[in-house]
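Those protein sequences? They're chains A and B, same order as listed. So the first sequence is numbered by the working numbering: it starts at 27 and just counts up by one. So the second sequence is numbered by the working numbering: it starts at 6 and just counts up by one.
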Amino acid sequence: MLESYLRARLKEKQLLLMTHIVLGYPTFEDSFKIIEAMVEAGVDLMELQIPFSEPIADGSVILHANQKSLAGGATVKKCIDFAEKVARAFDIPFLFMSYYNILFKYGVDRFLSAMTEVGIQGSIVPDLPPEEGQDYLEAMQKYELSPIFIFSPTTPDERMKYLASFGRSFIYCVARKGVTGAKTSFSEQLDRYLARCRKATDLPLALGFGVKDKADIEFLKGKADIAVIGTQTIRLIDKEGAEAVGGFIKSLRQLPGSS
Amino acid sequence: MIDRGYYGRFGGAYLPEILVATFDELVDTFENAKSDPAFWKEYTDIMSTYSCRPTPLSFAENLTGHFQGARFFIKREDLNHTGAHKANNVMGQGLLVKRMGKSRVIAETGAGQHGVATATMAAKFGFECTIYMGEVDVERQRPNVFWMERLGAEVIPVREGARILKDAINEAFRDWVTNMDTTHYVLGTVCGPHPFPEMVAYFQSIIGKEARRQILEREARLPTRIYACVGGGSNAMGIFSGFFDDPVELVGVEAAGQGLESGQHAARLSSEDASIGVAQGYKTYFLQDNDGQMKETHSVAAGLDYVGVSPILANLKETGRVRFEAATDREVVDAMSLTMQKEGLIPALESAHAFAQAFKEAPTLSKEEIVLINQSGRGDKDIFTVADAFADPKWQEFIKNKAEAYHA
């Protein structure tokens, strides 16, 4: 379902836009307003991160957002309830992103069942390789949800194919080594990596980690199918408040020359 | 991914994809080293010439007389270079770093012991070295920070999360996912993703191998019980592993902090407060809430102040092979005091947990029985923490005068 939506969208647009937010950061009210502004600005799909106390794959910006959201009283239950509200209010696909302990403690089957009920279409769990994810993968299949797996530049070709065999709807390609939020150089090297990803799978490719402006988006056209904007919007919220998000997302969408 | 490293239901390798290739390389290097007979010899050679192995087994005659119960023997890991069993693991991993051809090491540290040991190893082998240490621990362990920096390491205070050991581990992982081509992460204990629990236990097994030989040589029989403190669990795994096949009771002692009922503790296996979870790359018992968010822990001993525990020990708890108990901060300080006065030995606050539990139980044993305690580290280098634990007024006066002298 998610994949057919993405493929239909890709017939109209060369590059789709996926954004990421940390639920409950700065508050759940703000989260709702940010999502509203993003959808209005033409975002194609969104990752909703359920905060975790030990987010080892995230850099300091998203880490702080996780901590502040938890300090503000975010719980898994509140995140699921909130997801139900936005999935009902907005007509784009939403995914959950979180670390495995959140699913594990909730009960993997119970968590995925709740996802299905509230209308979340898939999930990204960066610390759950398929080797550890048998329960998760079986339940994803049962509920017809999309498990999104991650390629990295250190992933050998053969392993890319292995990961792709478990993934559905699209593959999340991490642009570089390191955690979220650091600088990525959009270079020939990235080109070659994306070509390697493309060879390993027929699924659409999302490219994330370090995508921050219009130039990066332009670079990715024709190479990836989805550009992922994560840390940059949180940085903007920290600096200019939730209201600045809509304008920023729109600016990424503008045609070259039509400032 | 090659091997998953499960112990019953615990362990595994819950890795972000970016690290999978690095772990495959590490597993490969470790497996090759293990199957190379020259490697263990190289390891024991360096431990006997650069550190103090074999470490002695001391008969604690006065403590034995004091309690009128079992005979006390103490395995002296405090006599290792840098003052704790941490050196065993660090030198072993250093040899693997050389085999992998990497030039930089990073490590987390709580009390600072593992950080100092890693900085020492890096100086000896010529590696660059960065140590991550929670800001709270930097504040309470300044002397160790001083030594790490003098040894040439960069010490980065971690200001995230609870600013203690678990947060230092997270930051070390964040460094590693960026710099894995040149860098090895010298994890300090039998926790984390496979192969760390197995690998660290392998290097620490030198403690149990020696201890078993020593007690048989001296007493011609096995101990009834062995006590070791448990933070991550590496010194406990080290000594216990020498006796797994023997009729010896193994007792792991966790930090009860201000008491198990206070909630201010770090007891994962000896309290009802922990539950199974997955964090920092492995599955074990964690002190966490119902949502899976990690809780703050407490212990007078920074080295035991950790939310998780070795997956190998979690499994040994379930199989019943190891019994787990906890000692409070108060009991620990009293045990340390008694050990100093009776034996002239200064156990680290961490190690004093093992002494405290042995003291509680020794009077119930007969005089023919033997109790073996692992003194995992020495306490004299933690003088600031120990002086605080004793609330020593003369020491406080000295510090005030010292501070004034800096103002002058």
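Ideal Cβ positions, reconstructed from N, Cα and C, are used throughout, including at glycine. Here the structure is a predicted model, which means the values were calculated and not measured.
Check	Outcome
Alpha helix (DSSP H) runs contained entirely in the stretch 317 to 398 of chain B, provided each spans 4 or more residues	334 to 348, 354 to 366, 388 to 395
Given 8 Å, three or more beta-carbon pairs between the stretch 69 to 76 of chain B and the stretch 95 to 113 of chain B	no
For K300(B) and D294(B), the rounded distance between their alpha carbons	7 Å
Cutoff 7 Å: F130(A) Cβ touching any chain B Cβ	yes
Chain-ordered chain B contacts of F78(A) [CB-CB under 8 Å]	G297, Q298
Runs of alpha helix (DSSP H) lying entirely within the stretch 148 to 221 of chain A, each at least 4 residues, in chain order	160 to 168, 183 to 190
Cutoff 7 Å: Y219(A) Cβ touching any chain B Cβ	no
Residue-chain proximity (M44(A), chain B), Cβ-Cβ < 7 Å	no
Beta-carbon proximity check, G308(B) vs E355(B), cutoff 7 Å	yes
Whole-angstrom C-beta distance between G207(A) and G85(A), which should lie under 8 Å	3 Å
Same chain, Cβ closer than 8 Å to N92(A), five either side skipped, listed in chain order	V48, Y51, Q75, P77, F78, S79, P81, D84
Start-to-end residues for the beta strand (DSSP E) that takes in F235(A)	From DSSP, F235(A) is part of no beta strand (DSSP E); its letter is neither H nor E.
Inter-residue spacing [alpha-carbon to alpha-carbon] between R223(B) and E373(B)	14 Å
Residues that F196(A) contacts on chain B, provided the C-beta gap is smaller than 9 Å	Under the 9 Å cutoff, chain B gives no residues; its nearest Cβ is about 15 Å from F196(A).
Backbone secondary structure at K107(B) - three-state DSSP	coil
Beta-carbon proximity check, M122(B) vs V95(B), cutoff 7 Å	Looking at the sequence provided, one finds Ala at residue 122(B) rather than Met. It is a contact, given that the beta carbons lie within the stated cut-off.
Option in Q285(B), F151(B), N175(B), M345(B) with minimal Cα separation from P316(B)	Q285(B)
Beta carbon of S267(B) nearer than 7 Å to that of T187(B)	no
DSSP-derived helix/strand/coil call for R230(B)	strand
For L51(A), the first and last residue of its enclosing beta strand (DSSP E)	Here residue 51(A) is Tyr; the residue named in the question, Leu, does not match the sequence. Looking at the DSSP string, Y51(A) is not in any beta strand (DSSP E), and its letter there is neither H nor E.
Proximity to R14(B) [Cα-Cα], best of L321(B), G384(B), D385(B)	L321(B)
Endpoints, the alpha helix (DSSP H) within which H90(A) is located	86 to 97
8 Å Cβ cut-off: residues of chain A touching F178(B)	I82
Residue span of the beta strand (DSSP E) that contains T227(A), given as start and end	Element bounds for T227(A): n/a, residue is neither H nor E.
Among P162(B), L255(B), T27(B), nearest to P198(B) - alpha-carbon criterion	T27(B)
Rounded distance between the beta-carbons of A361(B) and A340(B), thought under 8 Å	4 Å
Whole-angstrom distance between V237(A) and K209(A), CA atom to CA atom	8 Å
Alpha-carbon to alpha-carbon, G384(B) and P59(B)	20 Å
Nonlocal neighbours in the same chain, by C-beta distance under 8 Å from E47(B), ignoring five residues either side	L100
In DSSP terms, what I255(A) is bridged to	T45(A)
Burial state of Q118(B), where buried means 16 or more other Cβ atoms lie within 10 Å	buried
Own chain, CB closer than 8 Å to P33(A), minus 5 neighbours either side, in chain order	For the sequence presented, residue 33(A) should be read as Arg rather than Pro. Same-chain partners within the cutoff: P230.
Minimum Cβ-Cβ distance from V327(B) to chain A less than 7 Å	no
Below-7 Å beta-carbon distance, N320(B) vs any chain A residue	no
Where I378(B) meets chain A, residues with beta-carbon distance less than 7 Å	Per Cβ cutoff of 7 Å: no residues; I378(B) is ~33 Å from chain A at best.
Three or more C-beta pairs below 8 Å linking the stretch 150 to 157 of chain B and the stretch 341 to 349 of chain B	no
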